[in-house]
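Residues 1 to 76 in our numbering are what the sequence shown spells out, letter by letter.
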Amino acid sequence: MIKKYNFLAYYFNTYWFTPVEIWLSKDHLEVFVPERDEPILSCESEDFSKMQYISVSHFGGTDCEYFLDCPCEIDS
């Protein structure tokens, strides 16, 4: 019998991992988090077409402690 075990499911358990939804186009970026209808970040920039990565991290115990890392200057 083959034991089925999803290795990534262990790390992406919602207890340790907060999923975010990232909407990215050539000139617009929006970041959504669970249980919020409005994006935590919404901005426009011509540099988004050159962006190679985006990282959103959540620290602490409140829903407002999200940090964004990307190679563009974002004024919010």
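For glycine and all other residues, C-beta sits at the position ideal for the given N, C-alpha and C.
Whole-angstrom distance between residue j and residue i, CA atom to CA atom
{"i": "residue 20", "j": "residue 44", "result": "19 angstroms"}
{"i": "residue 28", "j": "residue 42", "result": "8 angstroms"}
{"i": "residue 37", "j": "residue 26", "result": "23 angstroms"}
{"i": "residue 30", "j": "residue 24", "result": "7 angstroms"}
{"i": "residue 6", "j": "residue 35", "result": "With a pLDDT of 48 at residue 6, under the threshold of 50, the modelled position of this residue cannot be trusted; read the value that follows with caution. Approximately 26 angstroms, taken between the alpha carbons."}
Assumed close pair residue i, residue j - CB separation to whole angstroms, cut-off 8 angstroms
{"i": "residue 22", "j": "residue 33", "result": "Their Cβ separation, rounded to whole angstroms, is 10 angstroms, which puts residue 22 and residue 33 out of contact at 8 angstroms."}
DSSP bridge partner residues for residue i (one or two, in chain order)
{"i": "residue 22", "result": "31"}
{"i": "residue 44", "result": "28"}
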